[in-house]
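Residue numbers (the UniProt record's numbering): 1 to 242.
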């Protein structure tokens with residue numbers, strides 16, 4: 001999974017092939033490839049190791065994708081979290097998953113401030129007092145060295161996705177690297193995606209389908225992801241017309 005997505009897909013030619021389009025700015029596959037290594041280097045500096053859990057409490061943004069790929073570089077497990085949760089609900093997931101690090105959107109600072117669980121926190125899309133900002137860290141980060149890159153077995157855990165908890169507390173559902181790979185492959189082939197594909201992703205990528213079918217499928221085929229921070233009908237239609 002990791003090799004297929006990162007080594008083959010992100011390091012593809014030409015180097016300028018656009019992978020992400022966000023807020024009118026393009027990010028190439030090559031830039032994403034490098035940023036995944038730099039993010040892995042950041043995580044290693046925070047003491048993250050193979051098997052550790054990284055929680056992502058964010059709106060859609062490139063930093064979510066960089067953190068996802070960077071965590072996999074280290075063999076860490078990604079825990080995507082619904083950005084609409086309250087502090088008590090977030091606290092439960094952090095504790096249940098055993099997350100060692102939390103990436104959170106600066107707009108969600110008030111929720112993070114109220115959690116009881118002690119976890120290393122990094123802000124994104126804005127500076128928050130008392131925490132490091134991911135985008136600033138990325139500017140000076142050194143890429144993870146080749147000898148430190150983890151190449152996960154297919155059966156290793158890639159994601160821990162939590163249910164909505166309608167009949168009790170949310171439960172963490174394990175997706176292996178093989179699960180994620182097949183979900184992406186099936187989406188790409190079933191929808192006959194091509195490398196010229198431009199997939200508009202407006203649903204939150206902490207959700208399994210937009211993450212593993214739409215973002216994953218587009219990545220699998222080598223297309224371009226047009227990423228919206230969140231869904232809004234006006235912004236959605238404006239983006240489609242462009």
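For every residue, glycine included, the Cβ atom is placed at its ideal position computed from N, Cα and C.
Distance, Cα to Cα, residue i vs residue j?
| i | j | result |
| --- | --- | --- |
| residue 53 | residue 152 | 15 Å |
| residue 133 | residue 114 | 19 Å |
| residue 16 | residue 48 | 31 Å |
| residue 66 | residue 167 | 33 Å |
| residue 27 | residue 21 | 6 Å |
| residue 223 | residue 164 | 31 Å |
| residue 191 | residue 183 | 12 Å |
| residue 4 | residue 107 | At residue 4, the pLDDT of 46 sits below 50, so the modelled position is not reliable and the matter cannot be decided from this model. |
| residue 196 | residue 118 | 44 Å |
| residue 243 | residue 185 | One cannot answer for residue 243 here, as it falls past the ends of the chain, which runs 1 to 242. |
| residue 14 | residue 98 | 40 Å |
| residue 216 | residue 135 | 23 Å |
| residue 208 | residue 188 | 15 Å |
Do residue i and residue j have their C-beta atoms closer together than 8 Å?
| i | j | result |
| --- | --- | --- |
| residue 19 | residue 225 | yes |
| residue 198 | residue 60 | no |
| residue 56 | residue 64 | yes |
| residue 69 | residue 25 | no |
| residue 219 | residue 193 | no |
| residue 103 | residue 46 | no |
| residue 90 | residue 79 | no |
Give me the residue from the options with the minimum Cα distance to residue i.
| i | options | result |
| --- | --- | --- |
| residue 161 | 110, 210, 25 and 126 | 210 |
| residue 36 | 223, 138 and 218 | 138 |
| residue 254 | 72, 31, 40 and 29 | Nothing about residue 254 can be read from this structure; the chain reaches only from 1 to 242. |
| residue 243 | 177, 14, 174 and 206 | For residue 243 there is no data in the structure shown, the boundaries of the chain being 1 and 242. |
| residue 31 | 227, 179 and 143 | 143 |
| residue 154 | 38, 145, 179 and 14 | 179 |
| residue 83 | 172, 110 and 116 | 110 |
| residue 95 | 146, 172 and 181 | 172 |
| residue 202 | 127, 42, 238 and 86 | 238 |
So the beta strand (DSSP E) residue i belongs to, where does it begin and stop?
| i | result |
| --- | --- |
| residue 102 | 99 to 105 |
| residue 143 | Element bounds for residue 143: n/a, residue is neither H nor E. |
| residue 226 | 224 to 227 |
| residue 121 | 120 to 124 |
| residue 80 | 77 to 80 |
Can you say whether residue i is buried or exposed, counting buried as having 16 or more other CB atoms within 10 angstroms of its CB?
| i | result |
| --- | --- |
| residue 170 | buried |
| residue 148 | exposed |
| residue 44 | buried |
| residue 58 | buried |
| residue 1 | Summary for residue 1: the model assigns pLDDT 46, below 50, so the residue's position carries little reliability, and this model does not support an answer. |
| residue 51 | exposed |
| residue 121 | buried |
| residue 227 | buried |
| residue 124 | buried |
| residue 174 | exposed |
| residue 76 | buried |
| residue 129 | exposed |
In the DSSP assignment, the alpha helix (DSSP H) including residue i goes from what residue to what residue?
| i | result |
| --- | --- |
| residue 36 | 29 to 45 |
| residue 185 | 177 to 190 |
| residue 220 | 216 to 221 |
| residue 230 | It is not in any alpha helix (DSSP H) - residue 230 carries neither H nor E in the DSSP assignment. |
| residue 109 | 109 to 113 |
| residue 69 | 62 to 74 |
May I ask whether a heavy atom of the ligand ATP can be found less than 7 Å away from the beta carbon of residue i?
| i | result |
| --- | --- |
| residue 36 | In terms of ligand content, the structure shown is empty, and the ligand ATP therefore cannot be addressed. |
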